[in-house]
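*Asks:*
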Amino acid sequence: MNYLGLDEGQTAKVSKELNTLLSCYHVYYQNLRSFHWHVEGQNFFDMHNLFEEMYNDAKIKIDEIAERILTIRYKPISTLSAYLKYSKVEEAKAELSDQEMIDTVLENHKQIIHCMRDTLQVASESKDEGTIDLIAGFLADLEKRSWMLDAWSSKKFKMEMA
Ligand SMILES: [Fe+2]
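Quick note: the sequence shown, position 46, residue 243 per the working numbering, numbers continuous.
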């Protein structure tokens with residue numbers, strides 16, 4: 198039943214974008230878990246806790262994206278093989294320095310933000326305000342997190358130069 202009153206052809210396009218975003222988020226989530234386990238060095242306690250906080254946040258967003266897909270009456274992708282196939286975010290290596298982990302997370306954010314903008318574009322063409330509202334909030338949150346991670350990297354750089 199089309200209880201949302203949205204154009205079904207357009208909604209199919211929105212669900213495709215949301216499934217790509219869902220795939221990106223799953224690979225990103227697993228990257229964060231890997232970094233939580235493998236980070237070493239002087240920043241261990243900060244980074245270990247930071248990655249845990251971030252993957253817990255990603256977990257909530259994953260569920261919201263999947264349930265938005267269901268709300269517009271499509272099926273969320275739910276297998277790891279499909280996530281790897283459709284994700285624009287790549288699996289990260291475990292053996293990285295803390296700085297390389299932050300750089301990787303920032304790169305992952307860039308890919309996810311790109312997917313979010315694509316989703317917002319298609320949702321806008323579909324007059325799907327519910328998806329726009331959800332994803333725009335996630336986008337602003339990820340941008341803010343990227344600023345903080347970049348600030349952490351910059352501070353370290355200045356200390357090294359002093
Ligand atoms: Fe843990």
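Here a beta-carbon is modelled for each residue, glycine too, at the ideal position from N, C-alpha and C.
Bear in mind that the values here come from a model prediction, so they are computed numbers and not experimental data.
Which of the three DSSP states, helix, strand or coil, is assigned to Asp224?
*Replies:* The sequence shown places Val at residue 224, rather than the Asp named in the question. Correct three-state label for Val224: helix.
*Asks:* Would you list, in sequence order, the uninterrupted alpha helix (DSSP H) runs of no fewer than 4 residues that lie entirely inside the segment 227-290?
*Replies:* 241-268, 277-283
*Asks:* Given the structure, does Leu233 come close to ligand 1, in the sense that its CB is under 8 Å from one of the ligand's heavy atoms?
*Replies:* The displayed chain sequence assigns His, not Leu, to residue 233. At least one heavy atom of ligand 1 is nearer than 8 Å to the Cβ of His233, so yes.
*Asks:* May I ask you to check if the CB of Glu148 is nearer than 8 Å to at least one heavy atom of ligand 1?
*Replies:* In this structure the chain extends from 198 to 359, so residue 148 is not present and cannot be described.
*Asks:* Cα-Cα, which of Gln227, Phe242, Gln239, Asn199 is closest to Arg270?
*Replies:* Asn199
*Asks:* Leaving out the 5 sequence neighbours to the left and right, which residues in its chain are closer than 6 Å to Ser284 when beta-carbon positions are compared?
*Replies:* Ser220, Cys221, Val224
*Asks:* Going by Cα to Cα distance, which pick from Asp254, Tyr252, Ala289, Ser275 is closest to Ala263?
*Replies:* Ser275
*Asks:* Is the beta carbon of Ala289 sitting closer than 9 Å to the one on Asn228?
*Replies:* yes
*Asks:* Could you compute how far the alpha carbon of Ile257 sits from the alpha carbon of Lys210?
*Replies:* 23 Å
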